[in-house]
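Asks: Take this structure first; my questions come after.
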Amino acid sequence: MIELRNISKNYPNGVGALYDINLHIGKEEFVFIVGPSGAGKTTLMKLLYRDEVPTTGSVIVDKINIAGLEQQQVPYLRRNIGVVFQDYKLLPRKTVYENVAFALQVTGCPRSQIRRKTMQALELVSMLRSAKQFPAQLSGGEKQRACIARALVNNPPILLADEPTGNLDPATSWEILQLLDKINKRNTTLLVATHNKSIVDGMKKRVIAMESGRIIRDQQLGVYSGNL
Amino acid sequence: MIELRNISKNYPNGVGALYDINLHIGKEEFVFIVGPSGAGKTTLMKLLYRDEVPTTGSVIVDKINIAGLEQQQVPYLRRNIGVVFQDYKLLPRKTVYENVAFALQVTGCPRSQIRRKTMQALELVSMLRSAKQFPAQLSGGEKQRACIARALVNNPPILLADEPTGNLDPATSWEILQLLDKINKRNTTLLVATHNKSIVDGMKKRVIAMESGRIIRDQQLGVYSGNL
Amino acid sequence: MVEAFTSFRRSGLMSMITVGIITISLTIFGFFLLLVLNTGNIIGEISAKMDVSVYIQKNLSDSEIAAFRSQLVSLPGVEKVTFVPKNEAWRDFKEKFAARFSLDDVVEDNPLPNTFSLEIRSTDLVEKTARMAKQVDGVDDVRYSGSYLENTKILVDAMRIGGFIFVLLLTFATLLIVVNTIRLTVLARETEISIMRLVGATNSFIRGPFIIEGILIGVLGGAFAILILKFSYDAIAARILSALPFLPVVVDKKQLSTIYIMVSALGMFLGMLGGYISVSKLLKEK
Amino acid sequence: MVEAFTSFRRSGLMSMITVGIITISLTIFGFFLLLVLNTGNIIGEISAKMDVSVYIQKNLSDSEIAAFRSQLVSLPGVEKVTFVPKNEAWRDFKEKFAARFSLDDVVEDNPLPNTFSLEIRSTDLVEKTARMAKQVDGVDDVRYSGSYLENTKILVDAMRIGGFIFVLLLTFATLLIVVNTIRLTVLARETEISIMRLVGATNSFIRGPFIIEGILIGVLGGAFAILILKFSYDAIAARILSALPFLPVVVDKKQLSTIYIMVSALGMFLGMLGGYISVSKLLKEK
Ligand SMILES: Nc1ncnc2c1ncn2[C@@H]1O[C@H](COP(=O)(O)OP(=O)(O)OP(=O)(O)O)[C@@H](O)[C@H]1O
Ligand SMILES: Nc1ncnc2c1ncn2[C@@H]1O[C@H](COP(=O)(O)OP(=O)(O)OP(=O)(O)O)[C@@H](O)[C@H]1O
Ligand SMILES: [Mg+2]
Ligand SMILES: [Mg+2]
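Residue numbers (numbering that gives the first Met the number 0), protein chains in the order written: chain A, 0 to 227; chain P, 0 to 227; chain V, 0 to 285; chain D, 0 to 285.
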């Protein structure tokens, strides 16, 4: 499903974020990406939804090398990848409901289904109550849940979640992870970047550990920290 | 140092965020505020630096009822309160260095000291390396550390940290908390809102637990979750 | 459509200011269209008032004179023919020069001919009409103020060309202001657009609401401009007409509506263009 | 200061567009100042050309005439005195009316008096000067084209007042556009300002850089506008002067610089005002 070959990434300002990354993630896998702040987790995910292009190497998603994807094709790639952004990226002038519905609208989803699917997604993350609020009127955790709802709403075959529980309490975090696990079992490839040790340790999934732009560990049924 | 009396807060859109809050925090205390997403932790902190005014009740900081503070006095209150914002609130057009230095500039700190103090603060959070980057060029954890550096830089007598480790790995999180503890011991009153169970449990400080806008537990040497 | 409206409403102050700037620009633009229209009208009036004098033979009978008149009326370009009997002309002449010298002292008989005064429709036709009038039987001589006419013609032409170039430049300036103002508004939403793209929206999908919003802003600006123009023009025109009745101010509803329609069409078009250009610019960036 | 520069540089496209809009507005504004200046000049010239004829007694000697001239010269408002000897006047007169009738047939002797032609500095002084000239010894009569003058005076006054009101309105419109454009730019940084306040910056501390940035934008816009105005005006003036030499186009460096200075000062002032108003607006909100 996803394959990274000899990837390296230098940002225009000279910061090197990734070096020599080789990685294969199969269909319907559930993978945690862990590593200290600045290790390159977000950068790696950005490559997958073509928010950044690698300096060298190829990024193959669903058999297509998206590093060389034409500009016009990018939106269609992105519709197949749900992303929970680390900084939420909610549209500030749209309510929570509109934000989630927007992800369906762009795909040309018929109006009748938009409402149903949106409400369903909001319910999954317990955000029905805040559906009419604007992002600026939400608590940190609520924003995060709105973002998760948007990423889920059109059942994408690939779901990337960058720190999806950074602003959530342990109980809600655990619920969200159970939800993600359920989604994964419904044929969705899942990548979760996280710092949440207890969740990684509790889920017992494949864990890829990064440090300073390199993969330092790739372990099935892994735990957060290698040395512990 | 800080006293909340009969506080309630309703946002203009009708959402009730705080009900009947009474709280006293002494000079140089170290307090954790915990509770599920949307419990009202951020709202409570906003009252302390006068980003919001309570619907009823009084907020007394350093013997002054800041709910009735005049507009012109607000900047001076804020200079005495360092805040680590949950959503960082870094100035997008300023580099990390400039962002941290800005908090000193507004106080009229002499130019010669600004450089020294800023560099010191950046060093404390290991951000010297990224001093010249703009917020958009930072990883989530780096933004968080820049924000912490800015809150610390002018040695405020009160420090509020809203989810200061939400985007940090456990090791860095622990370091930051040690740093905050050290700052607390240097005569700083400290409030930390967090979801990080292991840190709360590990630090053994006063814990205030909130739920749905109410304080449900206030415990010296407490732990994250009451029922565990 | 609904999107654009909602977004317009939610961006509040910013939209209001944008509409304000566009209103002002379009008002200035419309104001100058009106000014040019009126200047053209005044110039036209001035040239129309330059008349050609046709001196006819002294000893024609009244019926001959009448026949003569109808011949002159049928000439191309002639708007009005006035007959000035030689006695009247002589009286006028004497009055005019009475102070300089006493004509009666020196002149025994009225030496002036009967004259037809022709009003010509347009400056361009003056020469031609004069030439043709000369060929009419019984005409002694035809006179028109040659060099004055020449100068006026150059001036009129210069002002016409100047006015045209000027309206063109102003259109261009208005275009730049309107398009760029909308661009500023859209630029301020850079983040929003980048988020839309991240969620998988195609360029055309993103563009839509922004273009509609641009049109909305342009149309609103145009409508306000027309209101301002209409009321202030009507007021000013009424005032001028009462104070300087000899100035031919344009009050023709049809001509005025044409200008108002032009202003609103320009507003709409520029709003659309502004929305389009600015989003495209942002879309191309990444 | 440095802050403002850095911020200006970093906001890139947005600043450029703002400067562009201001440049255009100020250019239009300056263009109209120039137009009004020139119209005023042309009108002035026309009124200056309206002269007063002073007819003097027929039998004065040359030395008497010379004395007479010096008396006329000293009258207030008199710019130039031309002596038209009666013979010359008679020749002119005959030439002018040769076509209408043969004067020599009927007039034996030159009936015209010697005449002084006075050029008067301003329309307002014509009547007064005429009255005073009449009181000079040896003057037979004083004539000036009364009703023509009346009309011209009304027209000149109307145009002056119109021009003034118009420049005032345009200043106001330019003000609105410039101030609001800068306001748009600042509005787009609402979040930035709110962050600054959260960090403990006083209102005046926040305002500073924005005002300086506003001034910078205004000055830049003003400078560009002046460049555009100067080059295009010089080119247009040269063209008009060669094509229509009788049009009194203003080429006086001093008058032009005054306008250019006004434009740039306006730019600076409006930039400052724009920065101030917009930040204050944002600061007051919370
Ligand atoms: N747009 C950018 N321009 C320049 N450098 C960048 C940019 N984005 C990220 N970086 C740098 O690249 C490195 C990796 O960043 P990345 O966001 O991938 O880290 P991360 O693993 O997601 O960290 P965190 O856990 O803190 O979110 C960091 O050192 C960061 O400063
Ligand atoms: N500006 C606002 N306008 C309206 N409602 C708001 C606003 N800010 C917060 N709220 C609401 O108030 C409640 C409390 O929010 P608050 O941000 O205090 O929660 P929190 O405890 O910080 O949660 P989290 O852990 O998710 O950050 C939430 O239900 C939220 O939707
Ligand atoms: Mg990250
Ligand atoms: Mg919060």
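C-beta atoms are modelled at their ideal positions from N, C-alpha and C, and glycine is treated no differently.
Strictly below 8 Å CB to CB, what residues from chain V border A:D50?
Replies: In chain order: L197.
Asks: By the criterion of Cβ-Cβ separation under 7 Å, what are the contact partners of P:V152 in chain D?
Replies: Those do not exist, as P:V152 stays about 10 Å from chain D at its closest Cβ, beyond 7 Å.
Asks: Whose CA, out of A:T41, A:A102, A:G107, A:I1, lies closest to the CA of A:S57?
Replies: Checked all of A:T41, A:A102, A:G107, A:I1; the closest Cα to A:S57 is A:I1.
Asks: Mind listing which residues have their beta carbon within less than 6 Å of any non-hydrogen atom of ligand 3? Chain order is fine.
Replies: Taken from the N-terminal end onward, the list reads A:K40, A:T41, A:Q85, A:D161, P:S138, P:G139.
Asks: In chain order, what residues of the segment 3 to 14 of chain A put their CB closer than 8 Å to some CB of chain P?
Replies: If the cut-off is 8 Å between Cβ atoms, the segment 3 to 14 of chain A has Y10, N12, V14 near chain P.
Asks: Looking at A:Y10 and ligand 1, is the gap between the Cβ and the nearest heavy atom below 7 Å?
Replies: It does: the Cβ of A:Y10 is within 7 Å (strictly closer) of some heavy atom of ligand 1.
Asks: Using a 10 Å radius around the Cβ and a threshold of 16 neighbouring Cβ atoms, would you call A:Y75 buried or exposed?
Replies: Exposed, since its Cβ has fewer than 16 Cβ neighbours within 10 Å.
Asks: Output needed in chain order: residues of the segment 178 to 195 of chain V with a Cβ under 8 Å from some Cβ in chain D.
Replies: Residues N179, T180, R182, L183, T184, L186, A187.
Asks: Quick check: is any heavy atom of ligand 1 less than 7 Å from the C-beta of A:V14?
Replies: Result yes, Cβ under 7 Å from ligand 1.
Asks: In whole angstroms, what is the alpha-carbon distance linking D:Y275 and D:I210?
Replies: Looking at the two C-alpha atoms, the distance is approximately 6 Å.
Asks: Return the first residue and the last residue of the beta strand (DSSP E) that A:M126 is part of.
Replies: Segment: none, A:M126 is in no beta strand (DSSP E) and carries neither H nor E.
Asks: Relative to the C-alpha of V:S263, which candidate in V:I214, V:A237, V:L281 has its C-alpha closest?
Replies: Nearest C-alpha to V:S263: V:I214.
Asks: Residues in its own chain within less than 7 Å of D:Q56 by CB, not counting five upstream and five downstream?
Replies: Excluding positions up to five away in sequence, the list reads G137, D139.
Asks: Going by DSSP, what residues sit across from P:E210 in a beta bridge?
Replies: Note: P:E210 sits in a beta bridge opposite P:R213.
Asks: At the 8 Å Cβ level, is D:G19 part of the contact set with chain V, yes or no?
Replies: Yes - at least one Cβ of chain V is within 8 Å of the one on D:G19.
Asks: My assumption, with CB atoms under 8 Å, is that D:T350 sits in contact with D:F28. Please give the rounded CB distance.
Replies: Nothing can be reported for residue 350 of chain D: it is not among the residues displayed for chain D, which extend from 0 to 285.
Asks: Using a threshold of 7 Å, is the CB atom of P:Q136 nearer than that to any non-hydrogen atom of ligand 1?
Replies: Because some heavy atom of ligand 1 lies under 7 Å away, the Cβ of P:Q136 counts as near it: yes.
Asks: Taking a cut of 7 Å between CB atoms, which residues from the segment 270 to 284 of chain D lie near chain V?
Replies: Correct list: empty, as no residue qualifies.
Asks: Taking the straight line between their C-alpha atoms, what separation do you get for V:K133 and V:Q70?
Replies: Using only the alpha carbons, I get a separation of about 12 Å.
Asks: Let me see if you follow: with CB-CB separation under 8 Å, is V:A200 close to chain A or not?
Replies: V:A200 counts as touching chain A.
Asks: Checking contacts by CB at 8 Å: is D:S116 closer than that to chain V?
Replies: Answer no: the Cβ-Cβ gap between D:S116 and chain V never drops below 8 Å.
Asks: Just to confirm my understanding: we take A:R231, look at its own chain, exclude 5 residues before and 5 after, and list those with CB closer than 8 Å. What are they?
Replies: The requested residue 231 of chain A does not occur in the structure, where chain A is confined to residues 0 to 227.
Asks: Consider the C-beta atom of A:E122 and the heavy atoms of ligand 1; say whether any pair is separated by less than 7 Å.
Replies: No, Cβ of A:E122 sits at least 7 Å from all heavy atoms of ligand 1.
Asks: What in chain D is Cβ-close to P:K88, meaning under 7 Å?
Replies: The answer, in chain order, is I194, L197.
Asks: Look at the alpha carbon of A:R144 and the alpha carbon of V:M13, and state the distance between them as a whole number of angstroms.
Replies: Spanning the two alpha carbons is a distance of roughly 30 Å.
Asks: So, is V:S146 buried or exposed, given that buried needs 16 or more other C-beta atoms within 10 angstroms?
Replies: Interpretation of V:S146 is limited by its pLDDT of 45, a score under 50 that renders its predicted location unreliable; the figure taken from the coordinates is listed afterwards. Label assigned to V:S146: exposed.
Asks: Would you check whether ligand 1 has a heavy atom nearer than 7 Å to the C-beta of A:G37?
Replies: A:G37: yes, Cβ under 7 Å from ligand 1.
Asks: With H, G and I counted as helix, E and B as strand and the rest as coil, what does DSSP make of A:N31?
Replies: Reading off the sequence shown, one finds Phe at residue 31 of chain A, where the question assumed Asn. Correct three-state label for A:F31: strand.
Asks: Any beta carbon of chain V sitting closer than 8 Å to that of D:I27?
Replies: By this cut-off, D:I27 is an interface position.
Asks: Quick check on the burial criterion: 16 or more other C-beta atoms within 10 angstroms. Buried or exposed for D:T81?
Replies: Exposed, since its Cβ has fewer than 16 Cβ neighbours within 10 Å.
Asks: Measuring alpha carbon to alpha carbon, tell me which residue in V:L240, V:P208, V:L183, V:I176 is nearest V:G266.
Replies: Closest option to V:G266, Cα to Cα, is V:I176.
Asks: Roughly how many whole angstroms lie between the Cα atoms of V:G270 and V:V218?
Replies: Answer to the nearest angstrom: the Cα atoms are 7 Å apart.
Asks: Any Cβ of chain D within less than 8 Å of the Cβ of V:F268?
Replies: V:F268 does not count as touching chain D.
Asks: In the DSSP assignment, what are the bridge partners of P:T188?
Replies: Beta-bridge pairing links P:T188 to P:I157.
Asks: Using beta carbons (cut-off 8 Å, strictly below), is P:T42 in contact with chain D?
Replies: Judged by the 8 Å Cβ criterion, P:T42 is not in contact with chain D.
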